[in-house]
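Student:
Chains as they are written, first to last, in our numbering: chain A, 1 to 156; chain B, 157 to 243.
See the structure below:
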């Protein structure tokens with residue numbers, strides 16, 4: 001077991017635990033701390049793969065500046081417990097996350113298709129389908145504008 | 157194994173948008189932007205990451221400002237209680 005593999009596995013565990021803990025913990029400050037754990041895991045992963053600027057950006061901006069702001073927000077709003085439904089709804093939600101993950105990764109996570117990777121998906125999105133993405137962005141922007149106009153009409 | 161993390165982040169972030177706590181919803185939006193950043197960082201179009209980083213930082217700041225306004229107006233951040241957009 002070499003060190004790089006161990007560090008990658010550690011960052012993987014940190015990201016998974018951070019996301020699940022953030023969404024499932026009832027206290028706000030705890031979920032913020034889990035968010036920090038996730039960010040540190042992500043930056044560790046990026047550092048291992050020599051993406052230094054992004055790794056440092058995540059540490060400085062999210063674990064540094066923004067996290068102070070978010071922790072201030074959490075403490076300002078009060079560390080109240082807010083239940084998010086029972087265990088059954090939570091398990092149902094995570095099953096939905098699994099289905100979404102399965103769909104998003106193009107079935108490659110489970111069936112291990114070698115021809116679909118992160119690079120392929122991002123190349124398709126930002127290369128071949130960039131015009132379609134631009135149109136989608138315009139559509140979403142027009143929807144946002146129409147929502148604002150509808151709100152104004154309701155107020156009148 | 158780690159190359160599937162962007163997809164996991166996107167899926168978990170979409171699930172997190174259904175939470176009642178507005179702070180968790182904002183943090184979930186951050187998770188979605190993290191997934192998008194990782195997806196683009198692995199592509200040949202890496203300069204786009206800079207725009208995404210700026211957009212996600214601005215989104216965080218604006219979101220927490222809205223959260224503060226929400227708390228001052230309604231004295232709660234429970235999204236089941238807040239009915240502001242209903243008019």
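Yeah, the Cβ is synthetic: ideal placement off N, Cα and C, and Gly gets one too.
Computed from a predicted model, the values in this text were never measured in an experiment.
1) If residue 205(B) sits next to residue 54(A), beta carbons under 8 Å apart, how far is it from one beta carbon to the other, in whole angstroms?
2) Does the beta-carbon of residue 175(B) have 16 or more other beta-carbons within 10 angstroms, so that it is buried, or is it exposed?
3) Three or more C-beta pairs closer than 8 Å, one from the segment 58-66 of chain A and one from the segment 17-31 of chain A: is that the case here?
4) Name the chain A residues whose beta carbon is nearer than 7 Å to that of residue 207(B)?
5) Would you kindly work out how many angstroms separate the C-alpha atoms of residue 18(A) and residue 69(A), rounded to a whole number?
6) Please classify residue 168(B) as buried or exposed, where buried requires at least 16 neighbouring CB atoms within 10 angstroms.
7) Hey, residue 237(B) and residue 227(B) are a contact pair by Cβ (cut 8 Å); roughly how many whole angstroms apart?
8) Between which two residues does the alpha helix (DSSP H) carrying residue 162(B) extend?
9) Please determine, among 209(B), 195(B) and 191(B), the residue with the shortest C-alpha to C-alpha distance to residue 38(A).
10) Among 162(B), 193(B) and 217(B), which has the Cα closest to the Cα of residue 209(B)?
11) Less than 8 Å between the C-beta atoms of residue 63(A) and residue 48(A), yes or no?
12) Return no unless some Cβ of chain B is closer than 8 Å to the Cβ of residue 63(A).
13) Shorter than 7 Å, the distance from the beta carbon of residue 236(B) to the closest heavy atom of the ligand COA, or not?
14) Taking all protein chains shown into account, decide if residue 172(B) is buried (16 or more other Cβ within 10 angstroms of its Cβ) or exposed.
15) What residues of chain B sit near residue 101(A), judged by a beta carbon separation below 7 Å?
16) Expressed to the nearest angstrom, what Euclidean distance is found between the alpha-carbon atoms of residue 123(A) and residue 67(A)?
17) So with CB distances below 7 Å, who are the chain B contacts of residue 13(A)?
18) Pull up the DSSP beta-bridge partners for residue 234(B), would you.
19) Looking at the structure shown, is residue 196(B) part of a helix, part of a strand, or coil, going by DSSP?
20) Please report the distance separating the alpha-carbon of residue 161(B) from that of residue 225(B).
21) Using the C-alpha atoms, what's the distance from residue 20(A) back to residue 97(A)?
22) Given that residue 172(B) touches chain A, what residues does it touch there, using C-beta distances under 7 Å?
23) Starting from residue 6(A), find everything on chain B with Cβ-Cβ shorter than 7 Å and list it in chain order.
Tutor: Quick answer:
1) 6 Å
2) buried
3) no
4) Neighbours of residue 207(B) on chain A: none; closest Cβ ~11 Å, over 7 Å.
5) 19 Å
6) buried
7) Not quite, the Cβ-Cβ distance comes to about 12 Å (not below 8 Å), so this is no contact.
8) 161-172
9) If we check each option's Cα against that of residue 38(A), 191(B) comes out closest.
10) 193(B)
11) No. Outside cutoff.
12) Closer than 8 Å: no.
13) This structure lacks the ligand COA; in fact it carries no ligand of any kind.
14) buried
15) 163, 164 and 167
16) 32 Å
17) What residue 13(A) touches in chain B: nothing, since even the nearest Cβ is about 10 Å away.
18) 177(B)
19) helix
20) The alpha-carbon of residue 161(B) is positioned some 34 Å away from that of residue 225(B).
21) 11 Å
22) 23
23) Within 7 Å Cβ-Cβ: nothing; residue 6(A) doesn't reach chain B, min ~13 Å.
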